[in-house]
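Chemist:
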Amino acid sequence: MTASAASAPPPASVPALEGFRRVVVKVGSSLLVDRAQGCVKAQWLASLVEDLAALHRRGADVLVVSSGAVALGRTVLGLPDGALKLEDSQAAAAVGQIALARIWAETLAGSSLTAGQILVTFADTEQRRRYLNARATIARLLDLRAVPVINENDTVATSELRYGDNDRLAARVATMASADLLILLSDVPGLYDAPPADNPGARLIPVVPRVTAEIEAMAGGAASHLSRGGMRTKIEAGKIATTGGAHMVIADGRIDHPVARVAAGGPCTWFLTGSSPVTSRKKWIAGSLEPRGALHLDAGAERAILAGASLLPAGVTRIEGDFTRGDCLIMRNEQGGEIGRGLAGFDAGDAARILGRSSQDVEAILGGPQRAALIHRDDMALAGEGRG
Ligand code: GLU
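Residue 47 is where the sequence shown starts when you use this note's numbering, and the numbers rise one by one after that.
What follows is the structure in structure tokens.
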């Protein structure tokens, strides 16, 4: 830990880092890549990974969103400085992502952590069906105590349909993974009340209770020469993360042990959420999705889901509607009353074939290993939950 890391504890209004159970850490290209040498700053990365390992040891799930593929690949390919054409940045990402994944895997292994690479496109996070797949993979990796290392799949992303910056991607990952904290490590210490480059008197804002128009106006537009996102994409990330029930911190990553420094109350900006990931998700399922069908449950299934279980095909007597996996469905009891809503684990066609059947039968009917639930308990909001 650096000397400044031992500074005053964080103000009381800011949550303590030890309280979080699932943390996404976003690392920008300019922190990770030494442009002059064309390589990763290995010693800095090792210090960050020690911080992540400390979070992991005390039981938190840790996810990394790492940029750097384009920055690493462009040097190897000898591409010119400045903005790259789309094909060039895709080629650079293809070359650089291999090195990026390797250095994360090796460095995490140095702290006895297992890395799992996930490359996502915009559609993987925005289309519910694909979103459920990415979410399930992330959840399984975390169950297995691995550290997902995530980046945009820049080699296939087209300019119209891509994030382009990893700030917003990291915020979507945080909501997708039901994380309760997102840490954006950046080459600035946080959000200032005016762009600090032209305003020597600019003050760092320690806490943003809510992203208002005034906060958005403070963002300016500047991005550093290596990374895509400026303060504007960070504020957008703040909106996405806090709406999804996660707090967000912007902190300076240019020092060793940057996460330990946040924990010790070092300078940074907190964006606070008034919600929790579970409440936000239930609200989203209960309120903002148009139902595409209904499932009728027998009394046993109704009891089971009210007690917190997933909905298995065995407890469903009838389905209505032409839905696909990820669509919102209403769950009804034997009297036809709405018990809750949830996201379909199967398309309507498959659901019709497996309704009323045991989980063993389901594998035989659909051929091969299947997800067990018609609606997973994490994907449902019971009546009364998530409203208001
Ligand atoms: N996904 C890009 C990369 O890995 C970086 C995007 C960003 O800098 O935010 O190079």
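Note that the Cβ used here is the ideal one computed from N, Cα and C, for glycine as well.
Compare the Cα-Cα distances from L357 to each of A340, D368 and G367 and report the closest residue.
Modeler: With distances taken between Cα atoms, L357 lies closest to A340.
Chemist: Compute the Euclidean distance between the alpha carbons of R256 and E262, then round it to the nearest angstrom.
Modeler: So the alpha carbons of these two residues sit roughly 11 Å apart.
Chemist: Report all residues from its chain with a CB closer than 8 Å to the CB of V116; omit the five preceding and five following residues, and keep chain order.
Modeler: Here the set comprises S75, L130, S135, A138, A139, G142 and D200.
Chemist: When you measure from the CB of A265 to every non-hydrogen atom of the ligand GLU, does any distance come out below 7 Å?
Modeler: No, the ligand GLU has no heavy atom inside 7 Å of this Cβ.
Chemist: How about R23 and G391: do their beta carbons lie closer than 8 Å?
Modeler: Lying before the first or after the last residue shown, residue 23 is absent from the chain, which here runs from 47 to 434.
Chemist: Taking a contact to mean a Cβ-Cβ separation below 8 Å, would you say A292 touches V308 in this structure?
Modeler: No, they are not a contact pair.
Chemist: T171 and A192 - do their beta-carbons sit closer together than 8 Å?
Modeler: It is not a contact, given that the beta carbons lie outside the stated cut-off.
Chemist: Ignoring anything shorter than 3 residues, give me the beta strand (DSSP E) runs that lie fully in the segment 145-205, in order along the chain.
Modeler: Correct list: 161-166 and 193-198.
Chemist: For the beta strand (DSSP E) that I376 lies in, which residues bound it at each end?
Modeler: That run of the beta strand (DSSP E) goes C374 to R378.
Chemist: Should I411 be labelled buried (16 or more other beta-carbon atoms within 10 Å of its own) or exposed?
Modeler: When all chains shown are included, I411 counts as exposed.
Chemist: With respect to the beta strand (DSSP E) encompassing I365, which residues constitute its N-terminal and C-terminal limits?
Modeler: First-last of the beta strand (DSSP E) with I365: V362 to E366.
Chemist: Considering T121, what are the terminal residues of the alpha helix (DSSP H) in which it resides?
Modeler: Start and end: A115 to L123.
Chemist: For A180 and D97, what's the separation of their Cα atoms in angstroms?
Modeler: So the two alpha carbons sit approximately 26 Å from each other.
Chemist: Check the C-beta distance from P252 over to T315 and give it rounded, since I have them as a contact under 8 Å.
Modeler: Correct: roughly 6 Å between the Cβ atoms.
Chemist: Just to confirm, is the Cβ distance from L389 to I421 under 8 Å?
Modeler: In this structure, I421 lies closer than 8 Å to L389 by Cβ.
Chemist: Beta strand (DSSP E) containing T288: first to last residue?
Modeler: Unbroken run through T288 is the alpha helix (DSSP H), M277 to T289; no beta strand (DSSP E).
Chemist: If L230 sits next to M294, beta carbons under 8 Å apart, how far is it from one beta carbon to the other, in whole angstroms?
Modeler: Right, the Cβ-Cβ distance comes to about 7 Å (below 8 Å), so this counts as a contact.
Chemist: Is V257 near the ligand GLU, judged by its Cβ being under 7 Å from some heavy atom?
Modeler: No, the beta carbon of V257 sits no closer than 7 Å to any heavy atom of the ligand GLU.
Chemist: Taking G236 as the reference, which of R174, P313 and L178 has the closest Cα?
Modeler: Comparing Cα-Cα distances from G236 to each of R174, P313 and L178, the minimum goes to P313.
Chemist: Any idea which residues DSSP pairs A340 with across the strands?
Modeler: Answer is E366 and I376, bridged to A340.
Chemist: Taking 7 Å as the cut-off, does the CB of A147 come closer than this to any heavy atom belonging to the ligand GLU?
Modeler: Checking every heavy atom of the ligand GLU against the Cβ of A147, none is found closer than 7 Å.
Chemist: Within a Cβ cutoff of 7 Å, which residues of the same chain sit near I281, ignoring the five residues on either side of it in sequence?
Modeler: Contacts found: V257, I261, E262 and A265.
Chemist: Hey, out of S158, I365, G354 and G333, whose CA is closest to V95's CA?
Modeler: The shortest C-alpha separation from V95 is found at S158.
Chemist: Report the residue from R364, D393, I149 and F168 whose alpha carbon sits nearest the alpha carbon of M377.
Modeler: Comparing Cα-Cα distances from M377 to each of R364, D393, I149 and F168, the minimum goes to R364.
Chemist: Taking I351 as the reference, which of A100, P337 and I385 has the closest Cα?
Modeler: That would be I385, whose Cα lies nearest to the Cα of I351.
Chemist: Would you report the Cα separation of T279 and D213, rounded to the nearest angstrom?
Modeler: Taking the straight line joining both Cα atoms gives about 6 Å.
Chemist: Which residue marks the beginning of the beta strand (DSSP E) containing D213, and which one marks its end?
Modeler: Looking at the DSSP string, D213 is not in any beta strand (DSSP E); the run it does join, the alpha helix (DSSP H), is N212 to M222.
Chemist: Could you tell me whether any non-hydrogen atom of the ligand GLU is closer than 7 Å to the CB of S322?
Modeler: Result no, Cβ not under 7 Å from the ligand GLU.
Chemist: Between which two residues does the alpha helix (DSSP H) containing H102 stretch?
Modeler: Residues A88 to R103.
Chemist: Let me check you understand the geometry: is the CB of V305 closer than 7 Å to at least one non-hydrogen atom of the ligand GLU?
Modeler: Not under cutoff, so the answer is no.
Chemist: For V110, does the three-state DSSP call read helix, strand or coil?
Modeler: DSSP places V110 in strand when its eight states are reduced to three.
Chemist: Could you name the residues that DSSP lists as bridge partners for F317?
Modeler: Answer is V254 and M294, bridged to F317.
Chemist: Excluding sequence positions up to five away, which residues of its chain have a Cβ less than 8 Å from the Cβ of V254?
Modeler: Correct list, in chain order: L237, I261, G284, T315, W316, F317 and L318.
Chemist: Relative to the C-alpha of S59, which candidate in T325, L335 and G311 has its C-alpha closest?
Modeler: If we check each option's Cα against that of S59, G311 comes out closest.
Chemist: Taking all protein chains shown into account, decide if P126 is buried (16 or more other Cβ within 10 angstroms of its Cβ) or exposed.
Modeler: Exposed, since its Cβ has fewer than 16 Cβ neighbours within 10 Å.
Chemist: Output needed for G162: all residues of its chain with C-beta closer than 6 Å, excluding positions within five of it in sequence on either side, in chain order.
Modeler: L187, A192 and P194, listed in sequence order.
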